[in-house]
Structures are given as C-alpha cells and as structure tokens.
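Comments concern the structure below.
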Amino acid sequence: MHPHDPTTAPPGEDRTLEALGLAAAPREHPLTYPGAWPAESGLLDGDRFLPLTRRVYEDRTPVLAIGSNASPGQLRHKMAQFRIDSPVPMVRARVTGVDVGVSAHVSRMGYVSASPVAAPGTVRELFVIWLDARQLSVIDASEGVQLPDGNYRRAWLPASRVTIELDGGERLPGAHVYVNQHGVLHDGTGVPRGHPGQRALLGELLLRLPRLRELFGATPEEFCARARADRALCARGTRLFVEEDLVTASGLERYVRDQQTGSPGTGASLSPPWM
C-alpha cells in the first residue's frame, strides 16, 4: 500500500468489521446477500475497515462492485480462502450508466446474485474496489471467470459507456465489471429488473413460480438450505428461469466480447492460487 495510507484505526475508535456491522459474509449467511456495504470509502485491512487518504491507485485494477464484492465481510471471506491478507481499498463512487440487476442463475452459495445491467442515464452509488494481481485472481476465481461454464466474465467498461466519479471528485477512464454469462432476470416486460435484496427477491420468485417451489421449497430459508453446494439443483433452477421465459440480456455482452478479442484495457484473468 501507499506509505501515507493509515494502517491503524484513529485513537479511541473501534474500526473492526464487527463493530461497524460489516462482518457478515453472504457466503456463510445467504439471506444477507449482498451483505452490508460501508457508509464511506475505506481500506479493508484484515478485520478492520480504516480511513483512506486517497482514492486512486495506479498500480491496482479498478473493479466496479455490483453485489457482494462491495461487502467487506464477503471480500474478507473470499481472500481468506486463498490465504491472502493484503489490504483492499474500497472507494464510493457515483456511477452513471449501470444498474444492479439479478443474475439469471442460482448460485451454489445458496442465493441468486446481482449482475450489472446497462442503464443509460441511471445514477447509482456503488463501490470501486482496487485490487492487486493476486487479489484480482481471487475475485476472478470466485466469479468463475476462467471456467468454460463459469457464471461470469470480466469486462472493461470504458468512460465512453459509463461515468465513474469517485467520492473525491476523480473520474476514472473506466473500470472492470463482472457480466453474467446466463443473462439477467427481467421484470415481465423484457426490461432487466432490479435486485431488492435476497429475502425479498426469493420471496417474490417463490410466490410467482410453483415449479421453483417444487425444487427449492416454499420459503427463502428453504431455498438457501437446498441450494447450498447442490450443483445439480442449482443448474436445474438456472434452467427453470429460461423455461419460464424470465431471462433477458444485460446489455453489456459486447464488452465481454471485446475482452475476449483482446481489446486494450481488458487483459485476461490471472491464474488463481492453487487452482
């Protein structure tokens, strides 16, 4: 990290994730997805969330966090699986042109995750996480980037497509984002729907879809319990979304194709540790 970034909490202030209400990881508690997001920019350093003195890190990769990657508890959980404890800067940003949609797949973590959708003119408060090479490889691995049947592909969104203004006033030339390979769920009119949080989303889907209840049970709690680590059941639920005609494109697919053909700023994912 930059030598002027703080490595200790301000005197008399408890900056642990537990004290700040940021400790829970949706991977362990699926109904909390996307997890608690910080109220301000900060440095995730182990089990602490510390103040930042700057917003741009030229030696790191900017990734726009759409779902649980903006949750310090989730990020800590992902990094710990790969024995990585280096700090992660998390910067609040005002983002124009992207919204938070619903992935058209059931995750083996036990939830239905978020996915970015094209939304010209829409303004959202999101986070940019600045990752070093090893951290980026971990997040790529967690999103299945390198797997032929992985759920996400990482793509570069240029400033000509999306405006990202950090809370310090800086504007980025673009950022990476994870685009879902399965598409996203729509609102019944073909327009990508928003993600209201896991409990509300599952409650709505289970009420609406009898066949989903047959597979996953009648309540969000049953859904999460049955889905966790059951690859075949999750795949069946993912197919059901297609069969029920609930799936549409995110509008960001072209940027995935650009990355796969080697356009500037969209370098290939790095190999994750021991995978």
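Each number in our numbering corresponds to the 1-based position in the sequence shown with 465 added. Built from N, CA and C at the ideal position, the CB exists for glycine as well. Computed from a predicted structure; not experimentally measured.
Looking only at its chain, what residues have a beta carbon closer than 8 Å to the beta carbon of residue i, apart from the 5 residues adjacent to it on each side?
{"i": "Leu666", "result": "Val567, Val577 and His660"}
{"i": "Ala690", "result": "Gly575 and Gly682"}
{"i": "Asp524", "result": "Asp597"}
{"i": "Val610", "result": "Tyr617, Arg618, Arg619, Tyr643 and Ser734"}
{"i": "Thr726", "result": "Residue confidence for Thr726 is low, a pLDDT of 44 falling below 50, so the modelled location carries little weight; the figure read from the coordinates is stated next. Excluding residues within five positions, none has a Cβ falling inside 8 Å."}
{"i": "Ala624", "result": "Arg636, Leu637, Pro638 and Gly639"}
Would you report the Cα separation of residue i and residue j, rounded to the nearest angstrom?
{"i": "Arg559", "j": "Arg573", "result": "31 Å"}
{"i": "Gly615", "j": "Glu608", "result": "7 Å"}
{"i": "Arg548", "j": "Gly653", "result": "43 Å"}
{"i": "Asp479", "j": "Leu485", "result": "8 Å"}
{"i": "Leu482", "j": "Gly655", "result": "39 Å"}
{"i": "Leu698", "j": "Ala692", "result": "6 Å"}
{"i": "Arg696", "j": "Gln546", "result": "20 Å"}
{"i": "Asp550", "j": "Ser533", "result": "18 Å"}
{"i": "Leu591", "j": "Ala501", "result": "12 Å"}
{"i": "Arg519", "j": "Ser506", "result": "10 Å"}
Is the beta carbon of residue i less than 7 Å from the beta carbon of residue j?
{"i": "Leu596", "j": "Val528", "result": "yes"}
{"i": "Leu622", "j": "Gly639", "result": "yes"}
{"i": "Pro668", "j": "Val712", "result": "Checking the sequence, you will find Gly at residue 668 rather than Pro. Their beta carbons are not under 7 Å apart, which means Gly668 does not touch Val712 by this criterion."}
{"i": "Thr703", "j": "His570", "result": "yes"}
{"i": "Ala584", "j": "Val563", "result": "yes"}
{"i": "Val593", "j": "Val627", "result": "no"}
Measure the beta-carbon distance from residue i to residue j and round it to whole angstroms, keeping in mind my assumption that it falls under 8 Å.
{"i": "Leu650", "j": "Leu680", "result": "Not really, about 16 Å apart at Cβ, beyond 8 Å."}
{"i": "Leu509", "j": "Pro552", "result": "6 Å"}
{"i": "Thr497", "j": "Pro491", "result": "5 Å"}
{"i": "Phe514", "j": "Pro537", "result": "6 Å"}
{"i": "Val521", "j": "Thr561", "result": "Val521 to Thr561, Cβ: 18 Å. No contact."}
For residue i, which residues from the same chain have a beta carbon less than 6 Å from its beta carbon, with the 5 sequence-adjacent residues on both sides left out?
{"i": "Arg541", "result": "none"}
{"i": "Ile531", "result": "Val565, Ala579 and Pro581"}
{"i": "Gln663", "result": "Leu496, Tyr498 and Tyr576"}
Which same chain residues, not among the five before or five after residue i, have their C-beta less than 7 Å away from its C-beta?
{"i": "Glu630", "result": "Ala558, Arg559 and Arg636"}
Per the contact definition of three or more C-beta pairs closer than 8 Å, is the region 633-647 in contact with the region 666-679?
no
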